[in-house]
Amino acid sequence: MPAAERRNAVLVTGAGTGPGRAVVAELRARGMCVVGDDLGSGKVGLHAHLQCATEIAAMMGEIKRRHGGLDAVVACHAEPEPTGLFDEDSRPFWRQIDGMLTSSFLVVQGAAELLAESGQGRVVLLSSGWSTGARDLAGLSAASAGIDLLVRGLACELGPRGIAVNAVAPAFLDDPQWLACDAAALGLSQEGLRSRAAEIVPSGALGSCEAMARLVALLCRPDLGAAIGQTIHCSGGYFRHRL
C-alpha cells in the first residue's frame, strides 16, 4: 500500500495512560490513524510486551499488514513513581529504567525499518524534566537522562534515513502519576503542590496532558525538517527558570 494512498499511521505506546489518552485524542483530531494498545471500547488495538524484541517485531508486522506502513511512533508508556536511594526494595528503580528507557529503545529499534520506508518517519519519546536530578526520584531521573541521550544518539543514526527523533520532557503535569513525582521532588504532598502551583511554576499553573499532546503532535509533523535530536521541556517554564 503506497504511502500516498493511506492515512498517516502513528503508533502510540501506553495509550491507556493519562498522557497517552490525550495524545491519541489529539492525533485523531488531526486526522491521523492511531494504532496501539488500550485504545478504548470498540477500537481494535495492538499489544506487545515492550521489553520483548520478538513481540515488538510481531506487532510491527501486524501494523504493516493492517495499515501498509508506519509514519510515527510516540512512546507514552512511562509510568513514573518516586524511588529513593535508601528504599529497601530496588525493584521500582529498575522497573522505571526498563519500563521507560529499555522499552523506548526496543520500540524504536523495531519500528525503524517501517519508519524509513515512509520517507518522513517521526519518533517522539517521553522523558521528564527531572533528568536534572531530584530527591526521591532516582529511577525517573536516571531513565529520563538516558532518554535525553538516547534521542541524540538515535538522531545521528536515523536522521540520514529520514527519521526525526525528539523527546518531550513533562513536569508539573496535572496527572496523578506524574504529579506524585513532582511533589516528591519538592517534599510536598500532591495537594500541597496543587495549592502552591501559582508560586512554584512560572506559568502560574499546572500543565495539562492535552497541552503536552499538542506539542507531541507538532513533533509528529513531517514538515519540521531539521528539528531533530531535541528534548523539549513542557513544565510551565520551571526548569528553564531554575537552571
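Read left to right, the sequence shown gives residues 10 to 252 (this note's numbering). A virtual CB, placed ideally from N, CA and C, is assigned to each residue, including glycine. It should be emphasised that the depicted structure is a prediction, and the values quoted were computed from it without experimental measurement.
Let me know the alpha helix (DSSP H) ranges lying completely inside the stretch 175–236, each 4 residues or longer, listed in chain order.
With a minimum length of 4 residues, the continuous alpha helix (DSSP H) runs that stay inside the stretch 175–236 are 185–195, 199–209, 218–228.
Only counting the same chain, and skipping five residues up and downstream in sequence, which positions put a Cβ closer than 6 Å to that of A222?
What you label residue 222 is simply residue 213 of the sequence shown in a count that begins at 1. The residues are A31, V32, E35.
Once DSSP output is grouped into helix, strand and coil, what is the label at H76?
Within the sequence shown, residue 76 is the residue found at index 67, counting from 1. The three-state secondary structure of H76, taken from DSSP, is helix.
I'd like the ranges of any beta strand (DSSP E) spanning at least 3 consecutive residues and lying wholly in the stretch 109–172.
Correct list: 131–135.
Report the partner residues of C42 according to the DSSP bridge assignment.
For the purposes of this step, residue 42 is taken as residue 33 along the sequence shown, with counting starting at 1. Answer is A18.
Check whether the Cβ of L149 lies closer than 9 Å to any Cβ atom in chain D.
Structure shown: chain D not included; a single protein chain is present.
State the Cα-Cα distance for the pair D183 and R205, rounded to the nearest angstrom.
Within the sequence shown, numbered from 1, the residue matching residue 183 stands at position 174. Within the sequence shown, numbered from 1, the residue matching residue 205 stands at position 196. Straight-line measurement puts the Cα of R205 at about 13 Å from the Cα of D183.
May I ask you to report which of helix, strand or coil DSSP gives T92?
Along the sequence shown, read from residue 1 onward, the residue named residue 92 stands at position 83. In the structure shown, T92 sits in a strand (DSSP, three-state: E or B).
State the DSSP-derived secondary structure class of A84, mapped to helix, strand or coil.
Within the sequence shown, the letter at position 75 stands for residue 84. DSSP, reduced to helix, strand and coil, places A84 within a strand of the structure shown.
Evaluate the contact criterion for the stretch 112–127 versus the stretch 208–222: three or more CB pairs, one atom per stretch, below 8 Å.
Three or more beta-carbon pairs separated by less than 8 Å are not found between the stretch 112–127 and the stretch 208–222, which leaves the two stretches without contact.
Have a look at A120 and I156 and give me their C-alpha separation to the nearest angstrom.
Within the sequence shown, numbered from 1, the residue matching residue 120 stands at position 111. Within the sequence shown, numbered from 1, the residue matching residue 156 stands at position 147. Roughly 17 Å between the two C-alpha positions.
Taking only the alpha-carbon atoms, compute the straight-line gap between A189 and S140 and give it to the nearest angstrom.
Mapped onto the sequence shown, residue 189 falls at position 180. Mapped onto the sequence shown, residue 140 falls at position 131. For A189 and S140, the distance between alpha carbons rounds to 16 Å.
Which residue wins for smallest C-alpha separation from M109, given the options Q118, L94, P89?
In the sequence shown, counting from the first residue as 1, residue 109 sits at position 100. For the residues Q118, L94, P89, the minimum Cα distance to M109 belongs to P89.
Quick one: give me the first and last residue of the alpha helix (DSSP H) that Q60 is part of.
What you label residue 60 is simply residue 51 of the sequence shown in a count that begins at 1. That residue, Q60, is in no alpha helix (DSSP H); it is neither H nor E in DSSP.
Beta-carbon spacing of V160, S136 below 9 Å:
Taking the first residue of the sequence shown as position 1, residue 160 is located at position 151. Taking the first residue of the sequence shown as position 1, residue 136 is located at position 127. The beta carbons of V160 and S136 sit closer together than 9 Å.
For T111, which residues of its own chain have a beta-carbon under 7 Å away from its beta-carbon, when the five flanking residues on both sides are left out?
Here residue 111 refers to the residue found at position 102 when the sequence shown is read from its first residue. The answer, listed in chain order, is Q60.
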